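Student: My structure is below; once you've seen it, I'll send some questions.
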Amino acid sequence: MNKEELEYLRSWDTLKETIYLKRYYLTPDLIYNMCFNWGKTINIARSPSIRKLYTEYFTYFENFKIEEYDFKVRWYSLEDIVEFDIPRGRIDDLKILAAVCRGILWEILVFKTNIPCKICDEDLRSLIDKENKLYLCCDKCNYAEFINGEPIQEIERQLFPITPGIQTLYQLKPSNVI
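Numbering (our numbering), first residue to last: 566 to 743.
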């Protein structure tokens, strides 16, 4: 592990402690922005291998404004994100931390429905393509289907998180994960 990687690991430890100390006052968009801002620092690293982590884990989230994804009902628990998703112990692998941080961004941004996966029973995430065609996708087993329940063999388009307006339009109910 080189000196620059250690700097990023330390900055994660500082962020983690800040989140934990402020856990009772945090909102989803604050946690999202704190994690994404940490990810953005990776993009300015001197090391190409560290910058590559930004490309792999964070570029997807660049153009989303978390304020536009203010769903009235949550499908996740902020307490669980702070207590379980943000690792309490020390992790000495920057790639693992980037994956953890990306997972937190995904959990907060991408609406999880109460529609169970036909393969593994996990609740499906809802995403749309550029034409606003709705896709339901499983985080766990990668199963995907259209809103009418028709399975999708292969997704050839980039998908984006749905907005609260799309959720209302399709009358999607949030997962009961909380």
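All residues carry an ideal CB built from backbone N, CA and C; glycine is no exception. Note that the structure is predicted; figures quoted are calculated from it, not measured.
Report the option in Asn707, Ala663, Ile680 whose CA atom is closest to the CA atom of Ser614.
Tutor: Taking the first residue of the sequence shown as position 1, residue 614 is located at position 49. Per the Cα distances, Ala663.
Student: According to the neighbour-count rule (16 or more other Cβ atoms, all chains shown, within 10 Å of its Cβ), is Pro739 buried or exposed?
Tutor: Counting from one through the sequence shown, the residue named residue 739 turns up at place 174. Buried: at least 16 other Cβ atoms inside 10 Å.
Student: Three-state secondary structure (DSSP) at Asn602?
Tutor: Sequence index remark: in the sequence shown, residue 602 carries index 37 (1-based). Helix at Asn602.
Student: Using the three-state DSSP reduction, which class does Asp789 fall into: helix, strand or coil?
Tutor: The chain is shown from 566 up to 743; residue 789 falls before or after that span and cannot be answered.
Student: Roughly how many angstroms lie between the CA atoms of Pro716 and Lys683, to the nearest whole one?
Tutor: On the sequence shown, position 151 is the one that residue 716 refers to. On the sequence shown, position 118 is the one that residue 683 refers to. C-alpha separation (whole angstroms): 9 Å.
Student: In the DSSP assignment, what residue or residues form a beta bridge with Leu699?
Tutor: Reading the sequence shown from its first residue, position 134 is the one you call residue 699. In the DSSP output, where bridge partners are listed per residue, Leu699 has Ile693.
Student: Quick one, which of Glu627, Tyr590, Glu582 has its alpha-carbon nearest Asn602's?
Tutor: Taking the first residue of the sequence shown as position 1, residue 602 is located at position 37. Among Glu627, Tyr590, Glu582, the Cα nearest to that of Asn602 is on Glu627.
Student: Which residue marks the beginning of the alpha helix (DSSP H) containing Ile673, and which one marks its end?
Tutor: In the sequence shown, residue 673 corresponds to position 108, counting from 1. Element bounds for Ile673: 659-674.
Student: Sort Glu582, Leu574, Leu692 by Cα distance to Tyr634 and report the nearest one.
Tutor: Numbered from 1 along the sequence shown, position 69 holds the residue referred to as residue 634. Nearest option by C-alpha distance: Leu692.
Student: Can you give the Cα-Cα distance for Cys600 and Leu580, rounded to whole angstroms?
Tutor: For the purposes of this step, residue 600 is taken as residue 35 along the sequence shown, with counting starting at 1. For the purposes of this step, residue 580 is taken as residue 15 along the sequence shown, with counting starting at 1. Approximately 8 Å, taken between the alpha carbons.
Student: Just to confirm my understanding: we take Arg611, look at its own chain, exclude 5 residues before and 5 after, and list those with CB closer than 8 Å. What are they?
Tutor: Against the sequence shown, residue 611 aligns to sequence position 46. So the list reads Glu569, once near-sequence residues are dropped.
Student: From Tyr735, Gln718, Asn707, Ile646, pick the residue whose C-alpha is nearest to that of Asp686; which is it?
Tutor: Here residue 686 is taken as the residue at index 121 of the sequence shown, counted from 1. Residue Asn707 is the option with its Cα nearest to Asp686.
Student: For Ile669, which residues from the same chain have a beta carbon less than 8 Å from its beta carbon, with the 5 sequence-adjacent residues on both sides left out?
Tutor: The residue you call residue 669 lines up with position 104 of the sequence shown. Counting only Cβ-Cβ distances below 8 Å, and skipping sequence neighbours, we find Ile596, Tyr597, Cys600, Ile646, Asp650, Ile651.
Student: So the alpha helix (DSSP H) Glu648 belongs to, where does it begin and stop?
Tutor: Translated into positions along the sequence shown, residue 648 becomes position 83. It is not in any alpha helix (DSSP H) - Glu648 carries neither H nor E in the DSSP assignment.
Student: Of the choices Pro593, Leu737, Tyr585, Lys617, whose alpha-carbon is the least far from that of Asn679?
Tutor: Here residue 679 refers to the residue found at position 114 of the sequence shown. Cα-wise, what sits closest to Asn679 is Leu737.
Student: Closest to Lys637 by C-alpha separation, out of Leu574, Leu659, Thr592, would be which residue?
Tutor: Position 72 of the sequence shown, counted from the start, is the residue given in the question as residue 637. Taking only the C-alpha atoms, the option nearest Lys637 is Thr592.
Student: Does the beta-carbon distance from Arg690 to Val675 come in below 7 Å?
Tutor: The residue given as residue 690 occupies position 125 in the sequence shown. The residue given as residue 675 occupies position 110 in the sequence shown. The answer is yes: Cβ separation under 7 Å.
Student: Let me check understanding here. Comparing Cα to Cα, which of Thr583, Cys702, Ile712 lies closest to Ile720?
Tutor: The residue labelled residue 720 in the question sits at position 155 within the sequence shown. Checking every option, the nearest Cα to that of Ile720 belongs to Cys702.
Student: Quick one: Cα of Ile607 to Cα of Tyr573, how far?
Tutor: Counting from 1 along the sequence shown, the entry for residue 607 is found at position 42. Counting from 1 along the sequence shown, the entry for residue 573 is found at position 8. Each residue's Cα considered, the two are about 8 Å apart.
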